[in-house]
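Residue numbers (our numbering): 91 to 302.
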């Protein structure tokens, strides 16, 4: 057996193990809990996060943020394994992410991050919402051009970098060096947000498209 074969077998086992774990999670969640309900819960997490932040309970902000992020995996599991992928869900999912992340940025940014990076992130995030909720239906109706809904790979990378920036900031809430590292992460996230917009505009929907 050569090295490539061993690597393929190893990766295959990891993927199969992950699939089994995801199916197990999907079975535990009651059928009446829809993916869109879980997605909505992610957006609502910003409320307890806000109150925890006001009390300077940053550990609780971190815990609540991680719980909110976990719903992004759970709603996807529910949608795929119970065949409940809907157009509404594809719109709600990124909208919930933006409510959560923009809300946190507005809380954490004052005196820690430059207004330039925050405004850039917010503008790009709103542009992605506008693209999905307004431009896509117009393109379909009047130009017969179907923009791909849901998150693309660039959008997923962007979200991961934004999440990392928030976690870094929470662990160094009063450390200027940590603030700088977090800001660099956000500028990188802005680049991926722009790339995500470009990919949405350049990609047509087809039968083989899978959106997360």
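Ideal Cβ positions, reconstructed from N, Cα and C, are used throughout, including at glycine.
Remember, it's a predicted structure, so these values are computed and weren't measured experimentally.
Quiz item: Just checking my contact of residue 130 with residue 169 at CB under 8 Å: how many whole Å lie between their CB atoms?
Solution: Residue 130 sits at position 40 when you count from the first residue of the chain shown. Residue 169 sits at position 79 when you count from the first residue of the chain shown. Residue 130 to residue 169, Cβ: 13 Å. No contact.
Practice problem: With a 10 Å radius around its C-beta and 16 neighbouring C-beta atoms as the bar for buried, classify residue 282 as buried or exposed. | Solution: Within the chain shown, residue 282 is the residue found at index 192, counting from 1. Counting Cβ neighbours within 10 Å, residue 282 comes out buried, since at least 16 surround it.
Quiz prompt | Residue from 157, 288 and 263 whose Cα sits closest to the Cα of residue 147 | solution = By 1-based counting over the chain shown, the position of residue 147 is 57. Nearest C-alpha to residue 147 among 157, 288 and 263: 263.
Quiz item: alpha helix (DSSP H) containing residue 162: first to last residue?
Solution: In the chain shown, residue 162 corresponds to position 72, counting from 1. From DSSP, the alpha helix (DSSP H) with residue 162 extends over 148-171.
Practice problem: Would you kindly check if the distance between the Cβ of residue 125 and the Cβ of residue 193 is under 9 Å? | Solution: On the chain shown, position 103 is the one that residue 193 refers to. On the chain shown, position 35 is the one that residue 125 refers to. No, Cβ-Cβ distance for residue 193 and residue 125 is not below 9 Å.
Self-check item: Separation of residue 292 from residue 134, as counted between CA atoms
Solution: As a position in the chain shown, residue 134 is number 44, starting the count at 1. As a position in the chain shown, residue 292 is number 202, starting the count at 1. If you take the alpha carbons of residue 134 and residue 292, they lie about 33 Å apart.
Practice problem: Tell me whether residue 179 sits in a helix, a strand or coil according to DSSP, three-state version. | Solution: Counting from 1 along the chain shown, the entry for residue 179 is found at position 89. Note: residue 179 maps to helix in three-state DSSP.
Quiz item: Distance, Cα to Cα, residue 151 vs residue 171?
Solution: Locating residue 151 in the chain shown gives position 61, where the first residue counts as 1. Locating residue 171 in the chain shown gives position 81, where the first residue counts as 1. Between residue 151 and residue 171, the C-alpha separation is close to 31 Å.
Self-check item: Inter-residue Cα distance where the pair is residue 278 and residue 163
Solution: The residue given as residue 278 occupies position 188 in the chain shown. The residue given as residue 163 occupies position 73 in the chain shown. Straight-line Cα distance between these residues: approximately 23 Å.
Exercise. Spatial neighbours of residue 199 within its chain, please: CB distance less than 7 Å, with the 5 preceding and 5 following residues excluded, ordered by chain position.
Key: Residue numbering aside, residue 199 sits at position 109 when the chain shown is read from its first letter. Within its own chain, the residues whose Cβ lies closer than 7 Å to the Cβ of residue 199, once the five positions on either side in sequence are excluded, are 208, listed in chain order.
Quiz item: How is residue 141 classed by DSSP in three states: helix, strand or coil?
Solution: For the purposes of this step, residue 141 is taken as the residue at position 51 of the chain shown. Of the three classes helix, strand and coil, the one that applies to residue 141 here is helix, per DSSP.
Exercise. Can you give me the start and stop residues for the alpha helix (DSSP H) that residue 247 sits inside?
Key: Here residue 247 refers to the residue found at position 157 when the chain shown is read from its first residue. According to the DSSP assignment, residue 247 belongs to the alpha helix (DSSP H) that extends over 243-261.
Self-check item: Minimum C-alpha distance to residue 138 - residue among 123, 254, 154 and 284
Solution: Counted from its first residue, the chain shown places residue 138 at position 48. For residue 138, the nearest C-alpha among the options comes from 154.
Quiz item: Is residue 206 buried or exposed, if buried means 16 or more other CB atoms sit within 10 Å of its CB?
Solution: Position 116 of the chain shown, counted from the first residue, corresponds to residue 206. Label assigned to residue 206: exposed.
Quiz item: Using a Cβ-Cβ cut-off of 7 Å (strictly less than) and excluding sequence neighbours within five positions of residue 142, which residues of its own chain qualify?
Solution: Reading the chain shown from its first residue, position 52 is the one you call residue 142. Sequence-distant partners of residue 142 (beyond 5 residues in either direction) whose C-beta falls short of 7 Å from its own C-beta, in its chain, are 150, 151 and 154.
Quiz item: Residues in its own chain within less than 8 Å of residue 215 by CB, not counting five upstream and five downstream?
Solution: In the chain shown, the residue the question calls residue 215 occupies position 125. Cβ within range, chain order: 188, 191, 192 and 283.
Quiz item: Where does residue 174 fall in DSSP's three states?
Solution: Along the chain shown, read from residue 1 onward, the residue named residue 174 stands at position 84. Shown here, residue 174 sits in coil according to DSSP, grouped into three states, outside any helix or strand.
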